[in-house]
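Before any comments, here is the structure.
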Amino acid sequence: MVQEVKHAVNTWKSPPRHCKDIMDSGDNVSGVRQIYPFPDRPYFRVNAYCEQTIDGGGWTVVQRRSNDSTRQRFYRTLNEYKLGFGDKEGEFWFGLVPIYELTRTTLHELRIDLEDYDGARGFAKYGYFRLISHSSYNLVAERYTGNVGDALIEHNGQPFSTYDVDRDRSAINCAEV
1 MVQEVKHAVN TWKSPPRHCK DIMDSGDNVS GVRQIYPFPD RPYFRVNAYC
51 EQTIDGGGWT VVQRRSNDST RQRFYRTLNE YKLGFGDKEG EFWFGLVPIY
101 ELTRTTLHEL RIDLEDYDGA RGFAKYGYFR LISHSSYNLV AERYTGNVGD
151 ALIEHNGQPF STYDVDRDRS AINCAEV
(Lines of atoms letter the chains of each structure in order from A; the text may use other names.)
(Lines give C-alpha, C1' and ligand atoms only; values in the text may rest on other atoms or scores of the structure.)
Protein backbone atom coordinates (compact mmCIF):
# COMPACT_ATOMS: atom_id res chain seq x y z
CA MET A 1 0.00 0.00 0.00
CA VAL A 2 2.78 2.45 0.89
CA GLN A 3 4.53 1.62 -2.38
CA GLU A 4 1.34 2.33 -4.38
CA VAL A 5 0.85 5.70 -2.69
CA LYS A 6 4.50 6.59 -3.24
CA HIS A 7 4.19 5.66 -6.93
CA ALA A 8 1.00 7.75 -7.28
CA VAL A 9 2.68 10.78 -5.70
CA ASN A 10 5.77 10.43 -7.89
CA THR A 11 3.76 10.12 -11.12
CA TRP A 12 1.14 12.80 -10.38
CA LYS A 13 1.50 15.83 -12.64
CA SER A 14 0.02 19.20 -11.94
CA PRO A 15 -2.76 20.19 -14.36
CA PRO A 16 -1.78 22.40 -17.33
CA ARG A 17 -1.80 26.11 -16.49
CA HIS A 18 -1.63 27.14 -20.15
CA CYS A 19 -1.32 25.73 -23.65
CA LYS A 20 2.48 25.50 -23.48
CA ASP A 21 2.07 22.91 -20.72
CA ILE A 22 -0.30 20.99 -22.99
CA MET A 23 2.19 21.19 -25.88
CA ASP A 24 5.02 20.02 -23.60
CA SER A 25 2.92 16.99 -22.61
CA GLY A 26 2.87 15.85 -26.23
CA ASP A 27 -0.49 17.22 -27.41
CA ASN A 28 0.46 19.17 -30.52
CA VAL A 29 -2.99 19.45 -32.15
CA SER A 30 -4.65 22.87 -32.14
CA GLY A 31 -8.08 23.08 -30.54
CA VAL A 32 -10.04 23.74 -27.36
CA ARG A 33 -8.49 22.30 -24.19
CA GLN A 34 -9.07 22.71 -20.46
CA ILE A 35 -6.42 24.69 -18.60
CA TYR A 36 -6.03 25.71 -14.96
CA PRO A 37 -4.70 29.29 -15.03
CA PHE A 38 -5.45 30.20 -11.41
CA PRO A 39 -2.41 29.41 -9.22
CA ASP A 40 -4.38 30.08 -6.02
CA ARG A 41 -7.25 27.84 -7.17
CA PRO A 42 -5.49 24.95 -8.92
CA TYR A 43 -8.64 22.99 -9.72
CA PHE A 44 -10.63 25.86 -11.25
CA ARG A 45 -10.52 25.18 -14.98
CA VAL A 46 -11.42 27.15 -18.10
CA ASN A 47 -11.65 26.24 -21.76
CA ALA A 48 -8.94 27.74 -23.93
CA TYR A 49 -8.10 27.51 -27.60
CA CYS A 50 -4.55 26.18 -27.94
CA GLU A 51 -2.67 27.10 -31.12
CA GLN A 52 -0.07 24.36 -31.52
CA THR A 53 1.19 24.95 -35.09
CA ILE A 54 2.32 28.59 -35.33
CA ASP A 55 5.80 29.64 -34.19
CA GLY A 56 6.54 26.44 -32.27
CA GLY A 57 3.05 26.06 -30.77
CA GLY A 58 2.00 26.30 -27.16
CA TRP A 59 0.02 29.52 -27.59
CA THR A 60 -3.02 30.21 -25.42
CA VAL A 61 -5.23 32.26 -27.74
CA VAL A 62 -6.71 35.26 -25.92
CA GLN A 63 -8.69 36.75 -28.80
CA ARG A 64 -9.85 35.68 -32.22
CA ARG A 65 -11.71 37.85 -34.67
CA SER A 66 -12.51 37.15 -38.28
CA ASN A 67 -14.44 38.55 -41.17
CA ASP A 68 -17.19 35.98 -41.56
CA SER A 69 -20.91 35.80 -40.97
CA THR A 70 -20.65 34.45 -37.39
CA ARG A 71 -19.19 37.63 -35.93
CA GLN A 72 -19.26 38.28 -32.20
CA ARG A 73 -20.18 41.68 -30.84
CA PHE A 74 -17.05 43.09 -29.15
CA TYR A 75 -18.73 46.32 -27.96
CA ARG A 76 -19.17 45.01 -24.42
CA THR A 77 -19.04 46.03 -20.77
CA LEU A 78 -15.96 45.77 -18.60
CA ASN A 79 -17.56 42.92 -16.67
CA GLU A 80 -18.04 40.95 -19.90
CA TYR A 81 -14.38 41.55 -20.82
CA LYS A 82 -13.33 40.38 -17.35
CA LEU A 83 -15.18 37.08 -17.70
CA GLY A 84 -14.66 36.49 -21.42
CA PHE A 85 -17.22 35.78 -24.14
CA GLY A 86 -17.76 34.07 -27.47
CA ASP A 87 -17.11 30.65 -28.91
CA LYS A 88 -13.58 29.25 -28.50
CA GLU A 89 -13.92 27.54 -31.91
CA GLY A 90 -14.92 30.87 -33.52
CA GLU A 91 -14.64 34.49 -32.42
CA PHE A 92 -14.00 35.13 -28.74
CA TRP A 93 -12.30 37.08 -25.99
CA PHE A 94 -10.62 34.83 -23.39
CA GLY A 95 -11.19 37.14 -20.41
CA LEU A 96 -9.15 39.67 -18.44
CA VAL A 97 -9.30 37.60 -15.25
CA PRO A 98 -7.75 34.43 -16.73
CA ILE A 99 -5.21 36.48 -18.74
CA TYR A 100 -4.19 38.30 -15.57
CA GLU A 101 -3.91 35.02 -13.66
CA LEU A 102 -1.83 33.43 -16.44
CA THR A 103 0.61 36.32 -16.65
CA ARG A 104 0.97 37.40 -13.02
CA THR A 105 3.27 34.58 -11.90
CA THR A 106 5.14 33.43 -15.03
CA LEU A 107 6.78 35.08 -18.03
CA HIS A 108 4.63 35.10 -21.17
CA GLU A 109 4.98 36.23 -24.76
CA LEU A 110 2.22 37.77 -26.86
CA ARG A 111 1.89 37.03 -30.56
CA ILE A 112 -0.61 38.88 -32.73
CA ASP A 113 -1.30 37.38 -36.16
CA LEU A 114 -3.07 39.54 -38.71
CA GLU A 115 -4.52 38.88 -42.16
CA ASP A 116 -6.03 41.51 -44.45
CA TYR A 117 -8.94 41.10 -46.87
CA ASP A 118 -6.53 40.15 -49.68
CA GLY A 119 -4.92 37.36 -47.64
CA ALA A 120 -1.66 39.17 -46.85
CA ARG A 121 -0.39 38.12 -43.42
CA GLY A 122 1.81 39.68 -40.79
CA PHE A 123 2.59 39.40 -37.11
CA ALA A 124 3.72 41.29 -34.03
CA LYS A 125 5.44 39.44 -31.21
CA TYR A 126 6.22 40.76 -27.75
CA GLY A 127 8.86 38.91 -25.75
CA TYR A 128 7.38 40.14 -22.47
CA PHE A 129 3.62 40.35 -21.90
CA ARG A 130 1.45 40.63 -18.84
CA LEU A 131 -1.48 42.42 -17.30
CA ILE A 132 -0.76 44.20 -14.04
CA SER A 133 -3.32 45.26 -11.45
CA HIS A 134 -6.29 43.03 -10.90
CA SER A 135 -8.55 46.08 -10.85
CA SER A 136 -7.43 48.03 -13.94
CA TYR A 137 -5.62 45.36 -16.02
CA ASN A 138 -2.80 47.61 -17.25
CA LEU A 139 -1.08 46.29 -20.37
CA VAL A 140 2.64 45.52 -20.41
CA ALA A 141 3.88 44.51 -23.87
CA GLU A 142 7.63 44.89 -24.44
CA ARG A 143 10.45 43.55 -26.66
CA TYR A 144 8.60 43.84 -29.98
CA THR A 145 9.60 41.92 -33.11
CA GLY A 146 7.54 41.42 -36.24
CA ASN A 147 6.61 42.83 -39.62
CA VAL A 148 3.45 44.89 -38.97
CA GLY A 149 4.75 47.63 -36.67
CA ASP A 150 4.45 48.08 -32.92
CA ALA A 151 0.83 49.17 -32.55
CA LEU A 152 0.85 48.59 -28.78
CA ILE A 153 3.72 50.96 -27.91
CA GLU A 154 1.41 53.88 -27.10
CA HIS A 155 -0.87 51.63 -25.04
CA ASN A 156 1.91 50.15 -22.90
CA GLY A 157 1.14 50.70 -19.22
CA GLN A 158 -2.42 51.82 -19.92
CA PRO A 159 -5.45 50.36 -18.14
CA PHE A 160 -8.06 48.36 -20.04
CA SER A 161 -10.94 50.56 -21.14
CA THR A 162 -14.49 49.82 -22.29
CA TYR A 163 -17.45 52.01 -23.20
CA ASP A 164 -18.83 51.78 -19.65
CA VAL A 165 -15.49 52.24 -17.84
CA ASP A 166 -13.41 54.87 -19.67
CA ARG A 167 -9.85 54.78 -18.34
CA ASP A 168 -7.85 55.76 -21.42
CA ARG A 169 -5.83 58.98 -21.77
CA SER A 170 -7.87 60.31 -24.67
CA ALA A 171 -10.38 63.15 -24.35
CA ILE A 172 -12.87 60.88 -26.09
CA ASN A 173 -13.74 57.33 -25.08
CA CYS A 174 -11.54 55.19 -27.37
CA ALA A 175 -13.78 52.17 -26.80
CA GLU A 176 -16.59 54.02 -28.57
CA VAL A 177 -14.56 54.99 -31.65
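Number 35 in the UniProt record's numbering belongs to position 35 of the sequence shown; there are no gaps in the numbering.
Yeah, the Cβ is synthetic: ideal placement off N, Cα and C, and Gly gets one too.
It should be emphasised that the depicted structure is a prediction, and the values quoted were computed from it without experimental measurement.
With respect to the 8 Å criterion, His155 and Leu139 are classified as neighbours on the basis of their beta carbons. Of the candidates Cys50, Tyr126, Tyr43 and Val97, the residue whose Cα lies closest to the Cα of Leu110 is Tyr126.
For the pair Tyr163 and Thr77, the Cα-to-Cα distance works out to about 7 Å.
Ranking Asp116, Ile99, Cys19 and Pro37 by CA distance to the CA of Gly56 puts Cys19 first. In this structure Ile22 is buried. Its beta-carbon is surrounded by 16 or more other beta-carbon atoms within 10 angstroms.
DSSP places Thr145 in the uninterrupted beta strand (DSSP E) bounded by Asn138 to Gly146.
In the DSSP annotation of this structure, the continuous segment of the beta strand (DSSP E) that includes Asp113 starts and ends at His108 to Glu115.
Taking C-beta atoms under 8 Å as the contact rule, Ser66 and Glu91 qualify, at a distance of about 6 Å. A straight-line Cα-Cα distance of about 21 Å links Val148 and Thr60. When the beta-carbon positions are compared, Gly146 and Phe123 come within less than 8 Å of each other.
Ser14 and Ser136 have their C-alpha atoms some 30 Å from each other. With respect to the 8 Å criterion, Leu96 and Tyr81 are classified as neighbours on the basis of their beta carbons. In terms of Cα proximity to Val29, the closest of Pro39, Tyr36, Tyr49 and Tyr43 is Tyr49. Per DSSP, Val97 is one residue of the alpha helix (DSSP H) stretching across Leu96 to Thr105. Excluding sequence positions up to five before and after Gly58, its CB lies within less than 6 Å of the CB of Cys19, Lys20 and Met23, all in the same chain and listed in chain order.
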